[in-house]
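Novice: The structure follows.
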Amino acid sequence: MGDRPPDPGGTIPPGSVNIPSKMDILISAVESSMDTDASAVSNAEQTLKRKIFSRVCTMCKKKKRKGKANYEKDKFNDCMCESHTDDVPNRPNKNPNISPNHKPTEPTSPIDNNKPSLSTIPTNVPTRVPIGRAQYQKSDSAPYVVHVNKEYENSDSSTTLHPITFGRFLQRNKFDGVVNGSLKRVGRNRISMAFSSYMDANKFLLHQSLGLEKYSAFIPTFNVTRMGVVRGVPNDWSDEEILSNINVPLGCGPIIKIRRIKRKVTVNNVNQFISTGTVIITFDGQVLPTRVYMCYTALSVELYIYPTVQCYQCCRFGHVKNQCRSLPKCYKCGQGHSGDTCQVEEEDYRCCLCNGSHQAIDKKCLEHNRQRAIKETMSKSCISYMEAIKMHPPVSKMS
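What follows is the structure, encoded as structure tokens:
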């Protein structure tokens with residue numbers, strides 16, 4: 001499971017929140033694919049450019065190329081606004097088809113093959129709407145936690161990010177406000193750190209040395225948002241209707257996300273999802289209100305506990321069967337085959353997690369209770385999975 005608490009999904013109703021634009025990180029397809037390394041141009045290429053471009057075109061006022069000897073004799077040079085090639089075979093001195101009012105094409109800079117043109121950039125790239133924030137605000141309370149990842153060219157790299165190694169990077173760049181002792185590993189390739197001031201945290205997030213060293217810094221979502229469960233909402237109301245009729249108390253951040261809870265029913269062997277009167281609301285900020293108001297009615301808000309998800313293929317937690325990449329393990333007998341095909345009788349059940357005489361997917365399993373306690377700690381303490389798992393020791397297998 002990842003280090004960040006799972007986001008249960010849902011959609012953001014249009015016009016729901018007036019959050020300043022600086023809080024969102026939206027990178028267009030053009031910006032994300034641009035190559036900003038200017039050092040890729042060699043000295044030989046620069047010398048070649050100085051040889052090619054010499055004079056100024058009288059039409060586009062840009063530098064043009066020197067032609068061959070016969071072109072120089074006839075006072076004609078190839079212009080950047082008409083061609084980007086060095087060889088122009090059979091180029092005439094004068095073109096009678098060009099009228100006096102002819103306007104040249106827009107001049108362009110020398111082509112860089114490392115940068116994609118607009119025609120090569122995909123137009124169907126999905127844009128992810130961020131739920132968290134790019135920076136802390138003055139109203140946020142300490143500690144100002146920031147997570148850092150190391151970007152590798154090979155996604156399958158087994159290299160880990162060590163806290164001391166990253167701490168040396170912080171010392172070299174002399175970052176201010178870093179809380180002593182706050183650096184800790186919260187994943188194989190993730191470091192958590194804290195700042196004593198929100199301004200120091202924001203300066204760190206925007207520091208250019210992170211990109212130079214291929215570090216990626218961000219604010220964990222659970223540190224700037226709160227999730228609550230609200231019951232008693234009309235079943236036939238849309239998310240937009242809920243948002244337009246709901247008010248939050250003073251001192252609480254605005255609503256940035258609403259998700260309706262639905263239950264599955266089977267009608268004529270067809271599964272259908274029916275809306276319930278329960279919605280999950282995500283609030284911006286670090287305050288979860290005790291109640292919200294809808295059409296002069298007070299509705300209580302309960303803390304949302306992250307669900308305990310278990311895979312029926314490998315019996316591990318944190319993902320489902322469709323996302324599993326591990327070898328199958330039977331949830332009935334614990335052997336290396338799928339539990340759907342196992343013919344073991346109930347009295348022979350053996351849990352592969354705690355070695356108990358029950359199925360591994362049984363809610364009474366000790367490991368299942370531990371995972372549920374971990375999710376509850378994550379929700380109440382607003383910490384990552386790796387931090388919460390240290391508070392709950394592993395289950396000892398029965399003999």
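FYI, the UniProt record's numbering numbers position 324 of the sequence shown as 324, with every residue one higher than the one before it. Cβ coordinates follow ideal geometry from the N, Cα and C atoms, glycine included.
For Gly339, which residues of its own chain have a beta-carbon under 6 angstroms away from its beta-carbon, when the five flanking residues on both sides are left out?
Specialist: Cβ within range, chain order: Cys330, Tyr331, Lys332.
Novice: Jot down the residue ranges of each uninterrupted alpha helix (DSSP H) in the region 339–389, minimum 4 residues, whole runs only, in chain order.
Specialist: 366–381, 385–389
Novice: Tell me whether Lys397 is buried or exposed, calling it buried when 16 or more other Cβ atoms sit within 10 Å of its Cβ.
Specialist: The residue in question, Lys397, is exposed, as its Cβ has fewer than 16 Cβ neighbours within 10 Å.
Novice: Can you tell me the Cβ-Cβ gap for Leu303 and Ser379, rounded? I've got them flagged as a contact below 8 angstroms.
Specialist: 6 angstroms
Novice: Rounded to the nearest angstrom, what separates Gln272 and Lys264 at their Cα positions?
Specialist: 6 angstroms
Novice: Please work out which residues of its chain come closer than 6 angstroms, Cβ to Cβ, to Thr282, disregarding the five sequence neighbours upstream and downstream, and give them in chain order.
Specialist: Thr225, Met227, Ile256, Lys257
Novice: Quick one, which of Ser196, Asn189, Val186, Gly187 has its alpha-carbon nearest Gly177's?
Specialist: Ser196
Novice: If we call anything under 9 angstroms between Cβ atoms a contact, is Met199 one with Asn245?
Specialist: no
Novice: By Cβ distance below 6 angstroms, which residues in the same chain neighbour Gly356 in space, the five residues on each side in sequence not counted?
Specialist: Met398
Novice: Label Arg172 either buried or exposed according to how many other C-beta atoms from any shown protein chain fall within 10 Å of its C-beta, with 16 as the threshold for buried.
Specialist: exposed
Novice: Near Gly251, which residues of its chain fall below 7 angstroms by C-beta distance, leaving aside the five closest residues on each side in sequence?
Specialist: Correct list, in chain order: Val287.
Novice: DSSP three-state label for Gln286, please.
Specialist: coil
Novice: Would you grab the beta carbon distance between Gln313 and Cys324 for me? Rounded to a whole angstrom, and I think it's under 8 angstroms.
Specialist: With a Cβ gap of about 4 angstroms, Gln313 and Cys324 count as contacting.
Novice: Does the separation of the CB atoms of Ser209 and Val148 fall below 9 angstroms?
Specialist: no
Novice: Quick one: residues in its chain with C-beta nearer than 7 angstroms to the C-beta of Gly132, no 5 flanking neighbours on either side, listed in chain order?
Specialist: Counting only residues of its own chain and dropping the five nearest sequence neighbours on each side, Gly132 has a CB closer than 7 angstroms to the CB of Ile219, Thr221, Val224, Thr225.
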